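**Q** Numbering (this note's numbering), first residue to last: 135 to 743.
For glycine and all other residues, C-beta sits at the position ideal for the given N, C-alpha and C.
Since this is a predicted model, take the numbers as computed values, not measurements.
Pasting in a structure now, in structure tokens, and then I'll have a few things to ask.
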């Protein structure tokens, strides 16, 4: 498909609806070679110079830093910023930044030491052997952002487009009046830009790379055509001069005929676009290890004596730049306030003062006098002429968006696709009522972003509240379950304890019964054993002898008693002695028996032990 596209459509271009042809005013700076200015004494580096959140600060007040040293860090899309020169960090805090609101943001101020000493740096040798993700991460650490105006982090843009890209477009259109930074960069550094294109081809694997340049830049066209000689997959396409042909969606339509769907990016149709300045920065980062710390800026306008394009380190105060280019404040004063425009006359904005620093998306400093760009006349009511509709390159209804934005009808403004507005300023340029339409659109876009942030914050708060409520309910259920289990365990424990106590009592009773029975059985067995042993048991022998003697005595007493004496004989009578000799004999016999019993008992105890 790409080969067929190249053969049939190599020189074909498509057109987009709308657009304007304002005076180009590029002759003031396009023929002046690039140059450098002396270093400033102080540099102000804002933490946020891109779309997304700022990174985490790595330095503190009083630290010594080298040129190219990272000042912040963060994961995508948080883009790091780097020191533009060597020196000492003198302040970290709010300072006025380059923004239409003129508000302050956190910045790092560096007092230059004049040495401009680099950190040790080296590019990636044989980058072709590295996988795309490694190179993309390296570009992120180098702080590369889109230099065409939007400031979108390049690494995130590439990572989201991997394995989707068929056509890579290099934007060299530079359609806005006065600005010639990309023109001079292509004239003097075409080879480096082409090397950056080859690096992107290795990362994205596109089938075709197209470099789009407006036909009012013949020197740049010749230089880029020469640089791509012998490279089959890179072509230069010349397009007509028309504003805003440099817009991403407009240039995509011009070069490929494809239209980017609503609320989507060009990657969804297989196209990715990079600015020539961004491609040059990619080449410097990969091949030389240099982070993005400087860029080309156009200095133009009748109030600037030394016009042209200069290399400016990021963070250079505009006050220093104006002092180096013979800035004449007398010809542009309005109520004693100099009129400085960052960017072009259509998409740029007036700076609050000259102590604002250069940032990554600063492509032009325009200082017109009152004759060159007269002060805007007083705003008049909209007459519904419809000229803004014809000029809009994105097919919107600018007059309706104006009413919705002015009356703060946010839902209607969003419904009428306000976010598709590229803020090119074509509608305001043709408005006969001098209505600053882009000003209203920017305010409404900011309001919509704040509403969206507030909505997201409320949703997150609601989610956190519901999650907390759920956690509390779960904790209550868990506690109730624990109490229930504890009660069950207590009941079971009590039952088990009672059963165990009863069991122990029964066992004790059984043991006592068994012990008693055993003792009785043992006693009986001992008695039987004693009787069976005959003369061995002293007690049995004594009992037998006593019984025999008692019977003999009884018989003797009965024989000697009177026959008519019927009174019963008592034991004392029966055993009372009538013969002293016989009594002594009996006592002697009993003593001997007792002595024999004691001896026998001692013998038994000795043998049992």
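Per DSSP, what kind of secondary structure is residue 711 in: helix, strand or coil?
**A** Caution applies to residue 711, whose pLDDT of 45 falls short of 50 and renders its modelled position unreliable; the model cannot decide the point.
**Q** For residue 733, which of helix, strand or coil comes out of DSSP?
**A** helix
**Q** Would you say the region 283-295 touches the region 171-191, given that touching needs at least three Cβ pairs under 8 Å?
**A** yes
**Q** For my contact list, residue 555 and residue 533 are in at a C-beta cut-off of 8 Å; report their separation, rounded to the angstrom.
**A** About 13 Å; that fails the 8 Å criterion.
**Q** Please classify residue 352: does DSSP put it in a helix, a strand, or coil?
**A** helix
**Q** Let me know the secondary structure DSSP gives residue 637 once reduced to three states.
**A** helix
**Q** How about residue 479: is its C-beta nearer than 9 Å to some C-beta of chain C?
**A** This model lacks chain C altogether; it includes just one protein chain.
**Q** Per DSSP, which one or two residues make a beta bridge with residue 371?
**A** 346
**Q** On the criterion of 16 or more Cβ atoms from any shown chain inside 10 Å, does residue 164 qualify as buried, or is it exposed?
**A** Around the beta carbon of residue 164, 16 or more other beta carbons lie within 10 angstroms, which makes this residue buried.
**Q** For the alpha helix (DSSP H) containing residue 267, list its first residue and its last residue.
**A** 266-275
**Q** Jot down the residue ranges of each uninterrupted alpha helix (DSSP H) in the region 549-633, minimum 4 residues, whole runs only, in chain order.
**A** 560-564
**Q** Here's a check: name, in chain order, each residue in its chain whose Cβ is nearer than 6 Å to the Cβ of residue 525, leaving out the five neighbours to either side.
**A** 152, 154, 560, 561 and 564
**Q** Residues bridged to residue 407 by DSSP?
**A** 303
**Q** Which residues bound the alpha helix (DSSP H) around residue 213?
**A** Segment: none, residue 213 is in no alpha helix (DSSP H) and carries neither H nor E.
**Q** Once DSSP output is grouped into helix, strand and coil, what is the label at residue 414?
**A** helix
**Q** Taking residue 474 and residue 499 to be in contact with their CB atoms under 8 Å, please state how far apart those CB atoms are, rounded to whole angstroms.
**A** 7 Å
**Q** Across which residues does DSSP place residue 491 in a beta bridge pair?
**A** 451
**Q** DSSP state of residue 717, grouped into three classes?
**A** helix
**Q** Pull up the distance between the alpha-carbon of residue 234 and that of residue 571, whole angstroms please.
**A** As the crow flies, the alpha-carbon of residue 234 is around 14 Å from that of residue 571.
**Q** How about residue 302 and residue 281: do their beta carbons lie closer than 9 Å?
**A** no
**Q** Are three or more beta carbon pairs between the region 198-215 and the region 425-432 nearer than 8 Å?
**A** yes
**Q** Spell out a yes or no on whether the region 234-254 and the region 371-381 are touching, meaning 3 or more CB-CB pairs, one atom from each, closer than 8 Å.
**A** no
**Q** Distance, Cα to Cα, residue 204 vs residue 263?
**A** 26 Å
**Q** Can you find the residues in the same chain that come closer than 8 Å, C-beta to C-beta, to residue 388, ignoring five residues on each side of it along the sequence?
**A** The answer, listed in chain order, is 147, 148, 149, 150, 346, 373 and 379.
**Q** Grab me the residues of residue 192's own chain with a C-beta within less than 7 Å of its C-beta, minus the 5 sequence neighbours each way, in chain order.
**A** Short of 7 Å from the beta carbon of residue 192, and not among the five residues preceding or following it, lie these beta carbons of its own chain, in chain order: 204, 205, 206 and 207.
**Q** With burial defined as no fewer than 16 other Cβ atoms inside 10 Å of the residue's Cβ, what is the status of residue 594: buried or exposed?
**A** exposed
**Q** In this structure, does DSSP put residue 193 in helix, strand or coil?
**A** coil
**Q** In whole angstroms, give me the CA-to-CA distance for residue 270 and residue 293.
**A** Residue 270 and residue 293 have their C-alpha atoms some 7 Å from each other.
**Q** Span of the beta strand (DSSP E) holding residue 431?
**A** 428-434
**Q** Quick one: using the 10 Å Cβ neighbour count with 16 as the cut-off for buried, is residue 511 buried or exposed?
**A** Classification for residue 511: exposed.
**Q** For residue 433, which of 624, 735, 630 and 161 has the nearest alpha-carbon?
**A** Nearest of 624, 735, 630 and 161 to residue 433, Cα basis: 161.
**Q** When burial is assigned at 16 or more other CB atoms within 10 Å of the CB, is residue 418 buried or exposed?
**A** buried
**Q** Say whether the region 309-318 touches the region 327-344, bearing in mind that this needs 3 or more beta-carbon pairs closer than 8 Å, one atom from each stretch.
**A** no
**Q** Expressed to the nearest angstrom, what Euclidean distance is found between the alpha-carbon atoms of residue 457 and residue 501?
**A** 13 Å
**Q** Spatial neighbours of residue 531 within its chain, please: C-beta separation below 8 Å, excluding the five flanking residues on both sides.
**A** Correct list, in chain order: 523 and 550.
**Q** Alpha carbon to alpha carbon, how far is residue 409 from residue 402? Give it in angstroms, no decimals.
**A** 19 Å
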